[in-house]
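Everything below concerns the one structure shown next.
2 protein chains.
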Amino acid sequence: MNPYANLSPADVRAKIRAGEITGQTSGMCNGFAQANLIILPKAYAYDFLLFAQRNPKPCPVLEVSEAGDRMLHRIADADIATDIPKYRIYENGVMTGEYTDVSAFWRDDLVSFLIGCSFSFESELLEAGVRVRHIEENRNVPMYLTNIACDPAGALHGNMVVSMRPLPPEQIVRAVTATAAMPRVHGTPVHIGDPAQIGIRDINKPDFGESVTIHDGETPVFWACGVTPQSVVMASKPTLAITHAPGHMLITDIKNTLLKNG
Amino acid sequence: MNPYANLSPADVRAKIRAGEITGQTSGMCNGFAQANLIILPKAYAYDFLLFAQRNPKPCPVLEVSEAGDRMLHRIADADIATDIPKYRIYENGVMTGEYTDVSAFWRDDLVSFLIGCSFSFESELLEAGVRVRHIEENRNVPMYLTNIACDPAGALHGNMVVSMRPLPPEQIVRAVTATAAMPRVHGTPVHIGDPAQIGIRDINKPDFGESVTIHDGETPVFWACGVTPQSVVMASKPTLAITHAPGHMLITDIKNTLLKNG
Numbered sequence: 000m001n002p003y004a005n006l007s008p009a010d011v012r013a014k015i016r017a018g019e020i021t022g023q024t025s026g027m028c029n030g031f032a033q034a035n036l037i038i039l040p041k042a043y044a045y046d047f048l049l050f051a052q053r054n055p056k057p058c059p060v061l062e063v064s065e066a067g068d069r070m071l072h073r074i075a076d077a078d079i080a081t082d083i084p085k086y087r088i089y090e091n092g093v094m095t096g097e098y099t100d101v102s103a104f105w106r107d108d109l110v111s112f113l114i115g116c117s118f119s120f121e122s123e124l125l126e127a128g129v130r131v132r133h134i135e136e137n138r139n140v141p142m143y144l145t146n147i148a149c150d151p152a153g154a155l156h157g158n159m160v161v162s163m164r165p166l167p168p169e170q171i172v173r174a175v176t177a178t179a180a181m182p183r184v185h186g187t188p189v190h191i192g193d194p195a196q197i198g199i200r201d202i203n204k205p206d207f208g209e210s211v212t213i214h215d216g217e218t219p220v221f222w223a224c225g226v227t228p229q230s231v232v233m234a235s236k237p238t239l240a241i242t243h244a245p246g247h248m249l250i251t252d253i254k255n256t257l258l259k260n261g
Numbered sequence: 000m001n002p003y004a005n006l007s008p009a010d011v012r013a014k015i016r017a018g019e020i021t022g023q024t025s026g027m028c029n030g031f032a033q034a035n036l037i038i039l040p041k042a043y044a045y046d047f048l049l050f051a052q053r054n055p056k057p058c059p060v061l062e063v064s065e066a067g068d069r070m071l072h073r074i075a076d077a078d079i080a081t082d083i084p085k086y087r088i089y090e091n092g093v094m095t096g097e098y099t100d101v102s103a104f105w106r107d108d109l110v111s112f113l114i115g116c117s118f119s120f121e122s123e124l125l126e127a128g129v130r131v132r133h134i135e136e137n138r139n140v141p142m143y144l145t146n147i148a149c150d151p152a153g154a155l156h157g158n159m160v161v162s163m164r165p166l167p168p169e170q171i172v173r174a175v176t177a178t179a180a181m182p183r184v185h186g187t188p189v190h191i192g193d194p195a196q197i198g199i200r201d202i203n204k205p206d207f208g209e210s211v212t213i214h215d216g217e218t219p220v221f222w223a224c225g226v227t228p229q230s231v232v233m234a235s236k237p238t239l240a241i242t243h244a245p246g247h248m249l250i251t252d253i254k255n256t257l258l259k260n261g
């Protein structure tokens, strides 16, 4: 059990803000949704929002801030420049550093986009009797850059990033139906089976996160991932982008169940 | 049976383009999704896309055109200036005319937003054994301006428009579950019961469309409606907006079933 599993999101965000928590957030604040982050200058905001509309599986947008406003108001009462454990800064598509606080980089033209996270559907998977290997092995989820081209929008283009959970064949149907009810957190898998078919060369070497054990007879199942905007940033090279470090999410004030249809 | 029920979308759009069809489109091209339209100058496009993100029940966006491009490429191979039977033009929030073709008003900075339509879930309702009164009575669906404030975005604000179907109590649950699976076409009802609670004074006098019979013992059930952008235009007064006339939709090339989760 994660030591922060039963704390409130506000309490955990306070510890993150104070620098007491700088690691990945899987397992914290049971039942509450976590979110991916991409911050872009306003000049790219329309293109990004359109990109998200065209690519809803990797980029289901949960909240968009007002330009220049560090505070979120809808999914969390949070300061987006301080309340994530680890950030990445990209300049012209190249990662130039990781930081636990990005206040020093803030500008009046920055817009924050918060994107649904597959951590939200993992409790649904567990409830449906589906095993989640990286939770069992206490690791970050394995994530991979694929050859699946996203639908471009304006200046933004790039390939999809996916997360992977290995499943015994008899659990695949339940994994599909459980995630079908949650389109705001990536919904159903984008691929089931051979990793090579989506351009993954070595399933044991994820591009982000950590590898997990795949037992004999298990099939890798892939879901669209909210790290996709970082692939887009690397391909499209906007002047500046600030993101979360993969696995180091914003913990929101909304319950996962609110992200189900209805 | 509508005389155009079994024609292809491309054939019906050709008749619309030629001026042979100028009426409402309910019942045409069985199984194919229809879409609401709002066209705005690029200066308002970010605010509208953000408005839609913040108000997904009334404004589930299916496609956004490139600025200045009259052609759609995703949900239909269509010319958006000619392929809808009847348009409305609003200048500074005031409707200044209805037209069957808006080519003469086209500008290089116009962006078209196509929005999901409740016609798409009506076949699901019928399949689930739920009666749809306006289809039985061969009328346009009744639509009402409510007192439900949408979440504003930039220059855009306004109240929600809803469509109404009267149901016997034993059919309400099935209507909720059938529409829960279709969030891209408004999803579940926003209100069930007393019209006065959402600011509707006279259920027999809809603000758009036509009234339908409500039998003794039936409950009015309300769904968010893609005419909401027209309420937003009237409240927010952008310099120019071009919309469909309520009930006179774009007939797309995609099947309703594709708009279900999955």
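As you go down the protein sequences, you meet chains A and B in turn.
With numbering that gives the first Met the number 0, you'll find the first sequence wraps up at 261, consecutive numbering, no jumps.
With numbering that gives the first Met the number 0, you'll find the second sequence wraps up at 261, consecutive numbering, no jumps.
All C-beta atoms in this analysis are idealised placements derived from N, C-alpha and C, irrespective of residue type, glycine included.
Beta-carbon separation (whole angstroms), residue i vs residue j, contact threshold 8 Å
{"i": "Pro167/A", "j": "Gly128/A", "result": "No, Pro167/A and Gly128/A are not in contact; Cβ-Cβ is about 11 Å, not under 8 Å."}
{"i": "Arg69/A", "j": "Ile79/A", "result": "6 Å"}
{"i": "Gly208/B", "j": "Met142/B", "result": "5 Å"}
{"i": "Ile83/B", "j": "His247/B", "result": "6 Å"}
{"i": "Val63/A", "j": "Leu48/A", "result": "7 Å"}
{"i": "Ala154/A", "j": "Ser235/A", "result": "6 Å"}
{"i": "Tyr45/A", "j": "Tyr45/B", "result": "4 Å"}
{"i": "Lys85/A", "j": "Thr99/A", "result": "6 Å"}
Other residues of its chain near residue i: CB distance less than 7 Å, five sequence neighbours each side excluded
{"i": "Asn5/B", "result": "Asn29"}
{"i": "Asn146/A", "result": "Asn158, Ile197 and Gly198"}
{"i": "Lys14/A", "result": "Ile20"}
{"i": "Ala223/A", "result": "Lys56, Pro57, Met159, Val161, His185 and Val189"}
{"i": "Leu124/B", "result": "Val131, Ala174 and Ala177"}
{"i": "Leu144/B", "result": "Asn158, Val160, Asp206 and Ser230"}
{"i": "Ala152/B", "result": "Asp46, Leu49, Phe50 and Arg53"}
{"i": "Leu258/A", "result": "Ala32, Gly115, Ser119, Met181, Arg183 and Val184"}
Exposure of residue i, with buried meaning 16 or more beta-carbon neighbours within 10 Å
{"i": "Gln196/A", "result": "exposed"}
{"i": "Leu249/B", "result": "buried"}
{"i": "Val172/A", "result": "exposed"}
{"i": "Arg106/B", "result": "exposed"}
{"i": "Ala17/B", "result": "exposed"}
{"i": "Met0/B", "result": "exposed"}
{"i": "Arg200/B", "result": "exposed"}
{"i": "Ser25/B", "result": "buried"}
{"i": "Pro245/A", "result": "buried"}
{"i": "His214/A", "result": "exposed"}
Within 9 Å, strictly: CB atoms of residue i and residue j
{"i": "Ala75/B", "j": "Arg12/B", "result": "yes"}
{"i": "Thr227/A", "j": "Cys149/A", "result": "yes"}
{"i": "Ala174/B", "j": "Val220/B", "result": "yes"}
{"i": "Phe112/A", "j": "Asn255/A", "result": "no"}
{"i": "Thr187/A", "j": "Asn260/B", "result": "yes"}
{"i": "Ala34/A", "j": "Phe120/A", "result": "no"}
{"i": "Pro205/B", "j": "Met163/B", "result": "yes"}
{"i": "Pro59/B", "j": "Gly115/B", "result": "yes"}
{"i": "Ser102/B", "j": "Gly225/B", "result": "no"}
Contact set for residue i: own chain, Cβ-Cβ below 6 Å, skip 5 residues either direction
{"i": "Asp252/A", "result": "Pro8 and Ala75"}
{"i": "Gln170/B", "result": "Val129"}
{"i": "Ser210/A", "result": "Pro141 and Asn203"}
{"i": "Tyr3/A", "result": "Val11 and Met27"}
{"i": "Asn139/A", "result": "Gln23, Gly208, Glu209 and Gly246"}
Neighbourhood of residue i by C-beta, 8 Å cutoff - its chain only, sequence neighbours within 5 removed
{"i": "Thr212/A", "result": "Arg132, Glu136 and Pro165"}
{"i": "Asp108/B", "result": "Pro40, Lys41, Ala42, Ala66 and Gly67"}
{"i": "Arg73/A", "result": "Leu61 and Glu62"}
{"i": "Gly192/A", "result": "Thr218 and Pro219"}
{"i": "Glu126/A", "result": "Ala177"}
### Message
For the structure I just gave you, are there three or more beta carbon pairs, one from the segment 26-44 of chain B and one from the segment 221-241 of chain B, closer than 8 Å?
### Response
yes
### Message
If contact is defined by three or more beta carbon pairs under 8 Å, each pair taking one atom from either stretch, is the segment 52-59 of chain B in contact with the segment 178-188 of chain B?
### Response
yes
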